[in-house]
Amino acid sequence: MPSKNPIAAVGSVRNFMNLVKEVNFEEIRDRAEQAPRILMVARTEAQAEEATTSLFGEGSRGYVDFRVGDRSDRIDTSRYDTVIVCDPDGTKLHDEVRKQAANGRTGNVFQLDSNGSDAVAQLRSAIVMVDPELAPAFGRWFTPFRAPAVHAIIDETAKANAKFAFISNVPSIVPLFGGLISASADLIVLTKNQVMMSYKLAAANGRDLSDQAGILRELAPVVGAGFVWRTVAREATSFLPFMAGTIPKVGIAFAGTYSVGLAADYYYRFGKKPSKDQMRAFSRQAVKLAASIPLPGRKAPDKQEAVIDAEIRASVNESEKRAGG
816 MPSKNPIAAV GSVRNFMNLV KEVNFEEIRD RAEQAPRILM VARTEAQAEE
866 ATTSLFGEGS RGYVDFRVGD RSDRIDTSRY DTVIVCDPDG TKLHDEVRKQ
916 AANGRTGNVF QLDSNGSDAV AQLRSAIVMV DPELAPAFGR WFTPFRAPAV
966 HAIIDETAKA NAKFAFISNV PSIVPLFGGL ISASADLIVL TKNQVMMSYK
1016 LAAANGRDLS DQAGILRELA PVVGAGFVWR TVAREATSFL PFMAGTIPKV
1066 GIAFAGTYSV GLAADYYYRF GKKPSKDQMR AFSRQAVKLA ASIPLPGRKA
1116 PDKQEAVIDA EIRASVNESE KRAGG
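Under my numbering, think of the first position of the sequence shown as 816, with each following residue one higher.
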């Protein structure tokens, strides 16, 4: 029989670890521990070498296949997770590669027309956002991809939980602060997604994935506790339009998941749990983001996601500086 208190259903370490045992981590582990299959296409080997180092870092050449010269042959893009076309001279090489894709798959073909820091950073983000399932592997194998991989993992899970809250239309777990969940089964679904997210973040941050339960045991108070939901709900009163309907549920599901993701990433990078003050800061960041981007059941805002992402990154950087100090 479901618990009458859904927070209690996942709030204790024991209950949380029982929930973890129900999650299958093997597929995530297998994908994360296998280096992404990457093809770099360029007119010259020098261009391919420079682009590879810029994107993936020093020592990455052994993980990237090269195809250089004029492209008259067909490329089987299905053999690769990512195909990058380096064309700093603007010779329309990208168009040639897309036309010559042997199987017609072009969704994994990206263009890099400059090795400048902005162009490189934008391409890293684009690669992991197109297929977030590959983000743990990219973050794990290539340190320059770690930050965009973490962002993609958290963003995907937060949006998935927001959609779940919208579709299930579940009522409140937090009295006086609007709706999220009353049935413990619904809260468990959101928590399982957060557990998977945390494991992906561990993978992206280069953690040993063999001890699956051990990775998450130390995070049980963060992922499983009702503290996150209560804190997010309080912060949400300043940002979200609290009214009857689904917007509060969706916003809290998004922000609660996003703040857990920030906390988990913090732990994996710094080796210590965030303090309550830091958790509140993560919650404020997450709620602000939830109030500013399109979510199920609300219209798209005027502010662009790219601007908001920059704000969130700046806040996270500031938190990191404080932690380092």
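Glycine included, C-beta positions come from ideal geometry on N, C-alpha and C.
DSSP-derived helix/strand/coil call for residue i
i	result
Asp-1026	coil
Ala-936	helix
Gln-926	strand
Ala-1115	The pLDDT assigned to Ala-1115 is 47, lower than 50, so where the model puts this residue is not dependable, and the model offers no usable value.
Ala-1035	helix
Ala-916	strand
Lys-978	helix
Ser-1107	coil
Lys-907	coil
Asn-1020	coil
Asp-946	coil
Lys-1091	helix
Thr-1006	helix
Gly-1076	helix
Gly-931	coil
Ala-1086	What sits at residue 1086 in the sequence shown is Gly, not Ala. Gly-1086: coil per DSSP, three-state reduction.
Ile-988	The predicted model places Ile-988 with a pLDDT of 43, which falls under 50 and marks its position as unreliable, so this point remains unresolved.
Assumed close pair residue i, residue j - CB separation to whole angstroms, cut-off 8 Å
i	j	result
Val-965	Leu-1016	6 Å
Val-900	Leu-927	7 Å
Thr-958	Gly-872	6 Å
Val-883	Ala-866	Rounded, the Cβ-Cβ distance is 11 Å, inconsistent with contact.
Arg-939	Ala-1019	Contact flag wrong, Cβ pair sits at about 13 Å.
Ala-1070	Ala-1105	4 Å
Ala-1101	Tyr-1073	4 Å
Exposure of residue i, with buried meaning 16 or more beta-carbon neighbours within 10 Å
i	result
Asn-976	buried
Asn-1008	buried
Ile-1003	buried
Lys-907	exposed
Asn-923	buried
Asp-896	buried
Lys-1103	buried
Ile-890	buried
Ile-982	exposed
Glu-971	buried
Phe-1085	exposed
Asp-880	exposed
Ser-932	exposed
Lys-1087	exposed
Ser-1098	buried
Gly-1076	buried
Asp-902	buried
Asp-904	exposed
Arg-961	buried
**Request:** Taking 8 Å as the threshold, find out whether the region 1025-1036 comes into contact with the region 846-859 through three or more Cβ pairs.
**Result:** no
**Message:** Quick check for students: name the residue ranges of the beta strand (DSSP E) that lie wholly in the region 835-903, counting only runs of 3 or more.
**Reply:** 853-857, 879-883, 897-901
**Request:** Spell out a yes or no on whether the region 850-868 and the region 902-916 are touching, meaning 3 or more CB-CB pairs, one atom from each, closer than 8 Å.
**Result:** Yes: the two stretches touch, three or more of their Cβ pairs being nearer than 8 Å.
**Item:** At least 3 beta-carbon pairs within less than 8 Å: the region 944-952 vs the region 965-974
**Value:** yes
**Request:** Could I get the ranges of all uninterrupted beta strand (DSSP E) runs contained in the region 949-977, with 3 residues as the minimum, in chain order?
**Result:** Within the region 949-977, no complete beta strand (DSSP E) run reaches 3 residues.
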